[in-house]
Structures are given as C-alpha cells and as structure tokens.
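Asks:
Residue numbers (this note's numbering): 89 to 328.
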C-alpha cells in the first residue's frame, strides 16, 4: 500500500482489476489515519508522494460505502466477491485488519495472510503474492523512480504492462526538457489514476523520537526518505 513529509506512500493493489476501483470508496482514510498514526499521515488519492519532484497531487476518494456497493452491483457483483488473500507489508498488520473489515462491509471478501518482512519482500518481488497486496514503498528520487518500480513492465514490484505507460516512460527518460518530462510523468500518473491501478491510502507519517543529546537528526533532509540521512550529517551535542 502506501507522516511527516519524509515518508513513503501506502496503498492496496489487486491483480483483479475490479477490486481497486470499488475499494477506493470503501475505505475511511481519515479513520485509518487517526487509528494508526494519530492523524499525522496525509490521506491521498495518488501513488506518488507530493514531496517528490514531478508528483501530481490527487485528493482521496470520499468514503462512500454505499457507492462502492452500487458500483459492485453495476459491475455484476451484487453480492460482492472473494478477492483472496490480503497480504500486508510487515509490520502493519493492524492496518490490514481494518482495511479487510472495510472491504468486507461492501462485499469484497479477503483473508488476512501475514509474513515475516524478508519473506514478504522476496515473494512480492518474485510475483508470488496473489489477491490483494497492501504495500509500502520508499524509493527515493522523483515520480519517475516510483513509477518505474510499481507501474512499468520492468519494475520489481509491478505485474503486467500498460502500453501507454511504457511508451511515455521511455520517452520521458530520454527527454532533456524539464517541463516536457514533467508533462509526460503527469500523463502517466493520470493513466494510473483513471484506471485505478492502485488504491492509495495515505502518505505515511513515521513517528520520530529524538533524544536530548541529538543536535541534528537529519529528518526530512532527503525528500521521500523515511529515516535519518545523510547519516554523515547527523550531529550530537557537545558533552557538558
């Protein structure tokens, strides 16, 4: 899936295309945010965090379970359907449980499947996960960095190919004009949004605790990076 402004985006993805379109209205992002991160995360409708260059901002869908049910019925699933396993990025298991409950309420049935982190990442990278994947990503850089990982045919966490995205991504990689490149990356993000390829939840707030001996913690020095960096710039106060 996918804070202070330093953190990655969270969202749900399913191999079954219908799940993402319906699920956007099924989730109470404000409630999830309050329960999981004391309201400090930033609900979003876009996979790319706003702090990264070339990101296009999208407001999250309104929490509207009645609309989710109506869309399910219109698509031929009046009684919902079984979406398979819901496999969350460790250790965000309580968030996954809440998401599973919201999906269940509109008729999208899942089964929570938890893994140790190394096993999860390996299984995700090797495309062995089925059903719904609740991921969390933190590739630093800009919008192109995130798009490459999650939405191109060569991306380590992507599945399948969208020809329009592939063409635009290759063009932007060769483009030297910054504004033209930004325009192409915005087009890619619009395609991802229109096709509901993912269900972004919020830009995750990492909760930091800084001890009294720390003079410079290097928080937010690298946009989109969740930890203290660059490490060589970390400074402690002189001993008294």
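Positions of the beta carbon are idealized from the N, C-alpha and C atoms, including for glycine. Treat the numbers as computed from the prediction; the structure is a model and nothing was measured.
Going straight from the alpha carbon of residue 255 to that of residue 326, what length do you get?
Replies: Counting from one through the chain shown, the residue named residue 255 turns up at place 167. Counting from one through the chain shown, the residue named residue 326 turns up at place 238. Computed Cα separation, rounded: 54 Å.
Asks: By the three-class DSSP mapping on this structure, what secondary structure does residue 134 have?
Replies: Taking the first residue of the chain shown as 1, we reach residue 134 at position 46. If DSSP states are grouped into helix, strand and coil, residue 134 belongs with coil.
Asks: Are the Cβ atoms of residue 293 and residue 144 separated by less than 9 Å?
Replies: Translated into positions along the chain shown, residue 293 becomes position 205. Translated into positions along the chain shown, residue 144 becomes position 56. Cβ distance not < 9 Å, so residue 293 and residue 144 don't count as in contact.
Asks: Inspect the CB distances between the region 267-277 and the region 202-213 and report whether three or more fall short of 8 Å.
Replies: No: the two stretches stay apart, fewer than three of their Cβ pairs being nearer than 8 Å.
Asks: Given this structure, state the Cα-to-Cα distance separating residue 301 from residue 324, to the nearest angstrom.
Replies: As a first step, residue 301 is located in the chain shown; it is residue number 213 there, counting from the start. As a first step, residue 324 is located in the chain shown; it is residue number 236 there, counting from the start. Residue 301 and residue 324: Cα-Cα distance of roughly 6 Å.
Asks: What is the DSSP secondary structure of residue 149, reduced to helix, strand or coil?
Replies: As a position in the chain shown, residue 149 is number 61, starting the count at 1. Residue state, collapsed to three classes: coil.
Asks: Using a 10 Å radius around the Cβ and a threshold of 16 neighbouring Cβ atoms, would you call residue 298 buried or exposed?
Replies: Position 210 of the chain shown, counted from the start, is the residue given in the question as residue 298. That one is exposed.
Asks: If we ignore side chains and look at the alpha-carbon of each, how far apart do residue 149 and residue 309 end up?
Replies: What you label residue 149 is simply residue 61 of the chain shown in a count that begins at 1. What you label residue 309 is simply residue 221 of the chain shown in a count that begins at 1. Approximately 31 Å, taken between the alpha carbons.
Asks: Name the DSSP beta bridge partners of residue 196, please?
Replies: On the chain shown, residue 196 is found 108 positions in, with the first residue counted as 1. Per DSSP, 169.
Asks: Buried or exposed: where does residue 181 fall if 16 or more other Cβ atoms within 10 Å of its Cβ makes it buried?
Replies: If you number the chain shown from 1, residue 181 lands on position 93. With fewer than 16 other Cβ atoms within 10 Å, it is exposed.
Asks: Taking the alpha carbon of residue 153 as the reference point, which residue from 185, 198 and 192 has its own alpha carbon closest?
Replies: On the chain shown, residue 153 is found 65 positions in, with the first residue counted as 1. The residue with the shortest Cα to Cα distance from residue 153 is 192.
Asks: Taking only three categories from DSSP, how would you classify residue 105?
Replies: Taking the chain shown and counting its residues from 1, one reaches residue 105 at position 17. Residue placement at residue 105 is flagged as unreliable, the pLDDT there being 45, under the threshold of 50; a coordinate-derived value is accordingly withheld.
Asks: Does residue 161 pass the burial test, meaning 16 or more other C-beta atoms within 10 Å, or should it be called exposed?
Replies: What you label residue 161 is simply residue 73 of the chain shown in a count that begins at 1. Label assigned to residue 161: exposed.
Asks: Would you tell me roughly how many angstroms separate the C-alpha atoms of residue 179 and residue 205, rounded to the nearest one?
Replies: As a working mapping, residue 179 is identified with position 91 in the chain shown. As a working mapping, residue 205 is identified with position 117 in the chain shown. Roughly 8 Å between the two C-alpha positions.
Asks: Give me, in chain order, the residues of the same chain whose beta-carbon lies closer than 6 Å to that of residue 188; leave out the 5 immediate sequence neighbours on both sides.
Replies: Along the chain shown, one-based indexing puts residue 188 at 100. Taken in chain order, the residues that qualify are 174, 198 and 200.
Asks: Tell me, to the nearest whole angstrom, how far the beta carbon of residue 316 is from that of residue 306; I am working on the premise that it is less than 8 Å.
Replies: On the chain shown, residue 316 is found 228 positions in, with the first residue counted as 1. On the chain shown, residue 306 is found 218 positions in, with the first residue counted as 1. Contact holds; Cβ gap of about 5 Å.
Asks: Taking the beta carbon of residue 318 as the centre, do at least 16 other beta carbons fall within 10 Å, making it buried, or is it exposed?
Replies: The residue labelled residue 318 in the question sits at position 230 within the chain shown. When all chains shown are included, residue 318 counts as exposed.
Asks: What does residue 116 pair with, by DSSP beta-bridge criteria?
Replies: Working through the chain shown from its first residue, we reach residue 116 at position 28. DSSP, once it has assigned bridges, lists no residue as partnering residue 116.
Asks: May I have the straight-line CA-CA distance separating residue 260 from residue 322, to the nearest angstrom?
Replies: Reading the chain shown from its first residue, position 172 is the one you call residue 260. Reading the chain shown from its first residue, position 234 is the one you call residue 322. Their Cα atoms are separated by approximately 35 Å.
Asks: When burial is assigned at 16 or more other CB atoms within 10 Å of the CB, is residue 278 buried or exposed?
Replies: By one-based count along the chain shown, residue 278 stands at place 190. So residue 278 ends up on the exposed side.
Asks: Let me check understanding here. Comparing Cα to Cα, which of 281, 176 and 116 lies closest to residue 217?
Replies: As a working mapping, residue 217 is identified with position 129 in the chain shown. Per the Cα distances, 176.
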